């Protein structure tokens with residue numbers, strides 16, 4: 014896929030002056046993708062105390078960006094296609110509120126089915142209770158929001174291997190429905206160096222029964238990348254990383270049908286397609 018320096022699925026610019034509001038929007042996003050909301054207020058009306066954006070029942074924070082505000086929102090791959098309301102609420106110093114609404118079209122994206130088999134020793138690990146318990150530990154770290162934007166430019170693939178399973182595919186394991194694949198799998202023989210996709214801070218560096226050797230890197234402002242099934246972890250919580258720094262070695266640990274790396278991305282705890290961030294600069 015051709016790289017582009019800026020590709021924004023949604024652009025909203027609010028200019029508030031003398032009770033006039035102008036909105037410019039390109040309002041479509043594909044299932045499983047991330048999109049951006051920019052907000053600007055006129056200089057004469059800059060005393061905004063709080064501002065929120067809500068999409069699909071979830072509140073997303075804004076962060077300062079080039080004299081205005083910017084929020085990044087993720088959509089799930091199984092999101093039902095159709096129009097969804099996006100609402101921005103501004104609360105001014107004087108208590109006055111302004112609300113802006115926009116309809117966002119979540120467009121269909123084809124995610125095929127995939128079937129594979131787990132050997133008995135691996136299949137025993139495929140239990141909902143264990144997966145939920147271990148994911149809760151990871152989620153606790155993901156939900157801790159850091160204010161600073163740490164990423165810069167394009168993200169990179171953590172390993173050079175070919176794709177064995179793309180994001181969003183509908184999984185059938187041992188002939189049973191297993192949900193959505195919420196990341197990219199890359200073929201990588203055991204011991205292949207795994208790189209951090211961007212600058213960040215390590216939040217999780219631990220071995221789990223279901224996810225195997227796991228590293229989670231916080232890139233700031235609700236953006237995290239996840240690396241599963243590692244054979245060795247070369248990072249520790251709190252460690253600062255540069256893009257391309259080695260965080261571990263690929264493996265076949267956890268619920269895995271063979272040596273590979275599973276690479277995922279979380280945008281405010283919504284698992285999105287990380288390859289979008291490889292091919293697109295997200296500001």
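In the numbering used here, the protein residues as written are 14 to 296.
Glycine is no exception: its CB is placed at the ideal position from the N, C-alpha and C atoms.
Since we're looking at a predicted model, the values are computed, not measured.
DSSP lists 178 and 275 as the beta-bridge partner residues of residue 198.
Residue environment for residue 129: exposed (fewer than 16 other C-beta atoms within 10 angstroms of its C-beta). Nearest Cα to residue 137 within the set 194, 223 and 110: 223. When secondary structure is reduced to three states using DSSP, residue 106 falls in the coil class, being assigned neither helix nor strand. Between the region 171-184 and the region 257-277 there are three or more inter-stretch CB-CB distances shorter than 8 Å, so the stretches are counted as touching. With fewer than 16 other Cβ atoms from the protein chains shown falling within 10 Å of its own Cβ, residue 156 counts as exposed.
Annotation: residue 163 to residue 296 spans about 11 Å, alpha carbon to alpha carbon.
At least 8 Å separates the beta-carbon of residue 182 from that of residue 119.
DSSP places residue 136 within a helical segment (H, G or I) once states are collapsed to three. Non-local beta-carbon contacts of residue 65 in its own chain, meaning distances under 6 Å to residues more than five positions away in sequence, involve 72 and 102 in chain order. Distances from the alpha-carbon of residue 225 to those of 121, 175 and 271 put 271 closest. For residue 232, the CB contacts under 6 Å within the same chain, skipping 5 residues up- and downstream, are 163, 164, 211 and 213 in chain order. Excluding five sequence positions before and after residue 68, the CB atoms of its chain that fall closer than 6 Å to its own CB belong to 86 and 99, given in chain order. Here residue 282 is exposed: its Cβ has fewer than 16 other Cβ atoms, across all protein chains shown, within 10 Å. Within the model, the alpha-carbon separation for residue 149 versus residue 277 is close to 16 Å. Linking residue 77 to residue 290 through their CA atoms gives a straight-line distance of about 20 Å.
The beta carbon of residue 287 is closer than 8 Å to those of 168, 180, 196, 197, 210, 238, 276, 277 and 278 in its chain, skipping five residues each way along the sequence. The three-state reading of DSSP puts residue 222 in coil, since its state is none of H, G, I, E or B. Between the beta-carbon of residue 220 and that of residue 266 there is about 7 Å, and that keeps the pair under the 8 Å contact cut. Contact between residue 95 and residue 285 is absent: CB atoms are separated by about 18 Å, not below the 8 Å threshold. Taking 8 Å as the cut-off, the beta carbon of residue 51 is found closer than this to the beta carbon of residue 81. Take residue 160, set aside five residues on each side of it, and the residues of its chain with a beta-carbon closer than 8 Å to its own are 76, 233 and 234, in chain order. DSSP, read as helix, strand or coil, puts residue 115 in strand. DSSP, read as helix, strand or coil, puts residue 289 in helix.
If you check the CB distance, residue 217 and residue 203 do not come in under 8 Å.
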